[in-house]
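Enquirer: Mind having a look at this structure? Questions to follow.
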Amino acid sequence: MCVWWYKAGMDVSGGNHRHEAPWKRMSKEELDNQYSPSRWVVRLGAEEAMRTYSQIGNEVTKRARATGRSLLNVPYGDGDGEKLDIYLPEAVSEAMPFLVFFHGGYWQSGSKDTSAFMVNPLTAQGVAVVIVAYDIAPKGTLDQMVDQVTQSIMFVQKQYPGNQGIYLCGHSAGAHLAAMMLLADWTKHGVTPNLKGFFLLSGVYDLEPIMHTSENAPLLPALEDAQRNSPLWQLETAPTQPADPACRILVTVGQHDSPEFHRQSREFYQTLCQGGWKASFEELHDMDHFEILWNLTQEDYVLTQSLFQ
Ligand SMILES: N[C@@H](CC(=O)c1ccccc1NC=O)C(=O)O
């Protein structure tokens with residue numbers, strides 16, 4: 001199975017503009033605004049957008065569980081919250097590709113039980129989809145969440161050693177957690193997952209500005225915590241190499257996402273290219289932060305079609 005990357009990487013000659021750090025000139029109110037994705041939704045009010053997000057998440061998860069074969073609440077670790085759901089395609093084989101999804105919610109909300117967005121369209125294409133639960137704050141710290149995500153991927157590799165590739169997908173805060181896996185030292189864990197691709201949807205890759213927003217500050221008590229958990233900062237300071245040179249990374253952002261979300265995605269994409277990763281960047285036309293996921297519930301959406309071909 002090959003993955004079709006429908007757009008070649010954009011020009012990276014502009015380099016990285018991180019030193020300008022536009023967020024440093026923003027007031028607290030402006031930062032709060034930039035990092036509140038629901039305020040940038042164009043077709044719904046902020047509250048209605050969040051209600052719709054829960055409602056669609058609930059419906060699609062119920063539908064996914066009622067439609068095909070699934071293994072629910074499979075433990076990938078000893079902790080209560082360390083569970084994942086596996087949704088299988090009709091033709092189960094040793095060599096299925098796996099898409100492992102990490103939900104968003106600013107590391108403080110969201111659940112695997114309302115996040116089976118892309119399950120039905122992908123299982124219909126022969127892809128097994130895994131939706132991972134992790135301990136959101138205040139129960140979990142960012143370091144713990146990153147560790148849990150690492151464990152969940154190792155679990156999939158150990159359970160399905162003949163897999164045809166593990167593709168990580170994350171939305172928003174979940175894209176951050178997926179991107180942190182670019183920094184993982186798998187040799188330390190004794191299992192190297194067969195990572196073939198990353199689909200990063202409207203993510204946050206530099207956590208430093210988040211420290212200065214009211215909603216998210218408690219997550220990051222110190223600059224050190226923000227930097228340790230910032231894939232953008234880490235890759236700029238100590239570039240890593242892909243274990244598999246064929247591993248591809250798709251960085252996407254919605255056209256209606258805030259300027260800070262656009263900046264984060266673009267800078268992350270540029271840093272990946274400079275580090276030798278095979279990355280692509282896509283601004284999704286007329287999409288807001290949440291519609292990206294809603295569209296992935298549709299088989300005929302161009303992004304759904306293009307992930308696995
Ligand atoms: N309070 C946030 C909620 C939010 O950011 C969010 C909600 C659901 C899924 C992803 C989200 N953002 C990043 O993880 C907002 O204003 O949009």
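For the sequence shown, full-length UniProt numbering assigns the number 1 to the initial residue and increments by one for each residue that follows. Quick reminder that beta carbons are idealized off the backbone N, C-alpha and C, glycines included.
1) Please indicate yes or no: does the CB of E134 lie closer than 6 Å to some heavy atom of ligand 1?
2) How many Å lie between Y167 and L99 at the Cα?
3) Please indicate yes or no: does the CB of P37 lie closer than 6 Å to some heavy atom of ligand 1?
4) Kindly give me the distance between the Cβ atoms of G203 and S265, rounded to whole angstroms, as I take these residues to be in contact under 8 Å.
5) Classify D185 as buried or exposed, calling it buried when 16 or more other Cβ atoms lie within 10 Å of its own Cβ.
6) Buried or exposed for D288, please, with buried defined as at least 16 other CB atoms from any protein chain shown within 10 angstroms of its CB.
7) T237 to Q227, Cα distance in whole Å?
8) So, at 7 Å on beta carbons, what are the nonlocal neighbours of Y205 in its own chain, with the 5 sequence-adjacent residues on each side left out?
9) Which two residues bound the contiguous alpha helix (DSSP H) that contains A66?
10) Helix, strand or coil: which one does DSSP assign to L223?
11) Do Q157 and P97 come within 7 Å of each other at the CB atom, strictly closer than that value?
12) Measure the alpha-carbon distance for S93 versus E299 and round it to whole angstroms.
13) Does I86 come out as helix, strand or coil in the three-state DSSP assignment?
14) How would you write the range of the alpha helix (DSSP H) that L303 sits in, first residue to last?
15) Which partner residues does C169 have in the DSSP bridge list?
16) In or out: G276 buried (at least 16 other Cβ within 10 Å) or exposed?
17) Using 7 Å as the threshold, is the C-beta distance between R39 and N33 below it?
18) Buried or exposed for G190, going by 16 or more other Cβ atoms inside 10 Å?
19) Please state the DSSP three-state secondary structure of G174.
20) Can you tell me whether S172 sits near ligand 1, meaning its C-beta is under 6 Å from at least one heavy atom of the ligand?
21) Using CA atoms only, rank isn't needed, just tell me which of V132, P193, T213 and H171 is closest to T252.
22) Using 8 Å as the cut-off, can you tell me whether the segment 127-134 makes contact with the segment 79-93, which would need three or more C-beta pairs spanning the two stretches below that distance?
23) Are C169 and F281 close, meaning C-beta to C-beta below 7 Å?
24) Confirm, please, whether the CB-CB distance from G57 to S115 is below 7 Å.
25) For Y301, verify whether its CB is less than 6 Å away from any heavy atom of ligand 1.
26) Applying the 10 Å Cβ sphere with the 16-neighbour rule, what's the burial state of L72?
27) Can you tell me whether G254 is buried or exposed, with buried defined as 16 or more other CB within 10 angstroms of its CB?
28) If we require 3 or more residues per run, which beta strand (DSSP E) segments fall completely within the segment 210-285?
29) Which residues does DSSP list as the beta-bridge partners of V132?
30) When the cut-off is 7 Å and only beta carbons count, does S265 lie next to chain C?
31) Can you find the residues in the same chain that come closer than 6 Å, C-beta to C-beta, to H256, ignoring five residues on each side of it along the sequence?
Expert: Short version:
1) Correcting the residue type first, residue 134 is Tyr in the shown sequence and not Glu. False, no ligand heavy atom lies under 6 Å from that Cβ.
2) 5 Å
3) yes
4) 7 Å
5) exposed
6) buried
7) 10 Å
8) H176, A179, S230, P231, L232, Q264 and F268
9) A46 to T67
10) helix
11) no
12) 22 Å
13) strand
14) V302 to L307
15) F101 and F199
16) exposed
17) yes
18) exposed
19) helix
20) yes
21) H171
22) yes
23) no
24) yes
25) no
26) exposed
27) buried
28) 248-254 and 278-284
29) L84 and F102
30) The structure shown contains no chain C; it holds only a single protein chain.
31) W40, V42 and D288
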